[in-house]
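Novice: Position 118 (the sequence shown) corresponds to 120 in the working numbering; numbering is contiguous. Glycine included, each C-beta is placed from N, C-alpha and C at the ideal position.
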Amino acid sequence: MQIAQQLVEAKEQLEQRLQQRLAIMVETVKAPLLNHISAINLPDSPIAKQQFVGQFRDCIENYKALLLQHHCLKAVSHQFATDSVALINRVMIKTVIELLLSSDELVAVEIHDWNKALFESFTITPEGTLQPLQHPFIPPDETQELSREIIDGEYLGSVHLFYQTKTLKEIERQGEQSIADFIDQSERLFAETRQRMLRSRLLEVVIFFIVTVAAMFTISLLTIVRPFKAAHRPCRQVS
3 MQIAQQLVEA KEQLEQRLQQ RLAIMVETVK APLLNHISAI NLPDSPIAKQ QFVGQFRDCI
63 ENYKALLLQH HCLKAVSHQF ATDSVALINR VMIKTVIELL LSSDELVAVE IHDWNKALFE
123 SFTITPEGTL QPLQHPFIPP DETQELSREI IDGEYLGSVH LFYQTKTLKE IERQGEQSIA
183 DFIDQSERLF AETRQRMLRS RLLEVVIFFI VTVAAMFTIS LLTIVRPFKA AHRPCRQVS
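#1: Measuring alpha carbon to alpha carbon, tell me which of Glu14, Pro141 and Leu35 ends up nearest Trp116.
#2: Output needed for Pro134: all residues of its chain with C-beta closer than 6 Å, excluding positions within five of it in sequence on either side, in chain order.
#3: Please check the pair Glu147 and Leu158, which I expect to be a contact at CB under 8 Å, by giving their CB distance rounded to whole angstroms.
#4: Which class does Ile209 belong to by DSSP, given the choice of helix, strand or coil?
#5: Mapping the DSSP letters down to three states, classify Ala119 as helix, strand or coil.
#6: For Ile221, count neighbouring C-beta atoms within 10 Å of its own C-beta (all shown protein chains included) and say buried if the count is 16 or more, exposed if not.
#7: On a Cα-Cα basis, can you pick out the residue from Ala217, Lys32, Ala12 and Gln197 that is closest to Glu156?
#8: Name the two residues that bound the continuous beta strand (DSSP E) containing Leu148.
#9: Does the beta-carbon distance from Val28 to Val111 come in below 8 Å?
#10: Looking at the structure shown, is His135 part of a helix, part of a strand, or coil, going by DSSP?
#11: Can you find the residues in the same chain that come closer than 7 Å, C-beta to C-beta, to Glu151, ignoring five residues on each side of it along the sequence?
#12: Taking Cβ positions, are Leu120 and Tyr165 nearer each other than 8 Å?
#13: From Ser241 to Met218, what distance separates their C-alpha atoms?
#14: According to DSSP, is Ile140 part of a helix, a strand, or is it coil?
#15: Starting from Val161, follow its DSSP beta bridges and name the residues at the other end.
#16: Taking the alpha carbon of Pro138 as the point to measure from, which residue in Glu144, Val208 and Lys118 has its own alpha carbon closest?
#17: So for Thr225, helix, strand or coil by DSSP?
#18: Using DSSP with H/G/I as helix, E/B as strand and the rest coil, what is Thr125?
#19: DSSP puts Leu108 in a beta bridge; with which residues?
#20: May I ask you to report which of helix, strand or coil DSSP gives Glu189?
#21: Quick one: residues in its chain with C-beta nearer than 7 Å to the C-beta of Gln239, no 5 flanking neighbours on either side, listed in chain order?
#22: Closest by CA to Ile113, which one among Ser149, Glu17, Arg201 and Gln15?
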């Protein structure tokens with residue numbers, strides 16, 4: 003009964019901790035997802051980066067009018083700032099996830115955007131380090147998922163927490179071990195009680211046998227002695 007109550011309390015505490023972490027994640031990723039809506043993704047290659055930097059030079063070389071140069075540089079700077087924000091978004095999310103993954107239960111976190119596409123995904127390695135994933139997390143056995151939608155006036159995406167119930171498994175293992183110990187102890191007590199009862203019954207049988215033999219011997223002796231006594235009495239009277 004105590005193990006069962008302990009297991010129920012542990013489940014409630016685990017769910018409460020995970021719900022708190024999930025609420026933190028939902029609030030944290032609202033801004034990154036809003037920034038992601040207006041983000042301009044550039045190909046991550048040396049040629050693309052060279053072309054991107056060249057856009058600043060082209061603004062100066064191709065436009066002689068100062069106003070046109072200003073508008074050109076402003077557009078390119080906006081694109082550069084958008085990519086910088088995306089980097090900041092990733093750092094923000096990673097920092098929060100690192101704090102959340104300090105829990106023994108959590109093993110991975112996924113963030114999906116409004117198109118249900120993978121926005122960010124991180125998992126924790128056996129060494130305890132945070133590792134980004136470029137693909138959806140494939141949960142191992144005995145892994146459960148807890149998710150919540152991100153709403154800020156409109157649907158922005160969702161957060162998914164993957165966790166393992168190590169604490170609950172340990173409590174269940176202790177419960178199973180306690181039951182096994184109880185059964186083993188009960189069997190030993192039953193065997194000992196049975197042995198004591200057998201010895202007691204055997205002693206009773208031996209005592210009963212001895213008493214019976216003694217009674218039979220006494221009865222037989224009296225049966226033999228009485229005729230002699232009866233015969234001896236008349237002889238004494240005649241004399």
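Specialist: So, from the data block:
#1: The residue among Glu14, Pro141 and Leu35 with its C-alpha nearest the C-alpha of Trp116 is Leu35.
#2: Within the same chain, Phe124 come within 6 Å of Pro134 by CB-CB distance, once the 5 residues on both sides are set aside.
#3: About 19 Å; that fails the 8 Å criterion.
#4: Ile209: helix per DSSP, three-state reduction.
#5: Ala119 falls in the coil class under three-state DSSP.
#6: The Cβ neighbour count for Ile221, taken over all protein chains shown within 10 Å, is under 16; the residue is labelled exposed.
#7: Taking the Cα of Glu156 as reference, the smallest distance to any Cα among Ala217, Lys32, Ala12 and Gln197 is reached at Lys32.
#8: Taken as a continuous stretch (DSSP letters only), the beta strand (DSSP E) holding Leu148 covers Thr145 to Ile153.
#9: Between Val28 and Val111, the C-beta gap is not smaller than 8 Å, which leaves the two residues out of contact.
#10: Reading the sequence as shown, one finds Leu at residue 135 and not His. In the three-state reduction of the DSSP assignment, Leu135 falls in the coil class, being assigned neither a helical nor a strand state.
#11: Correct list, in chain order: Tyr157 and Ser160.
#12: It is not a contact, given that the beta carbons lie outside the stated cut-off.
#13: The predicted model places Ser241 with a pLDDT of 47, which falls under 50 and marks its position as unreliable, so this point remains unresolved.
#14: In this structure, DSSP gives Ile140 a state outside helix and strand, which the three-state scheme calls coil.
#15: BP columns for Val161 point to Ile113 and Arg150.
#16: Nearest option by C-alpha distance: Lys118.
#17: In the structure shown, Thr225 sits in a helix (DSSP, three-state: H, G or I).
#18: The three-state reading of DSSP puts Thr125 in strand, counting E and B together.
#19: Answer by DSSP bridge pairing, in chain order: Tyr165.
#20: Residue state, collapsed to three classes: helix.
#21: Confidence at Gln239 is low in this model, with a pLDDT of 49, below 50, so its placement is unreliable and the value that follows should be read with caution. Once the five neighbours on either side are set aside, Gln239 has no close Cβ partner at all.
#22: Restricting attention to Ser149, Glu17, Arg201 and Gln15, the CA atom closest to the CA of Ile113 is found in Ser149.
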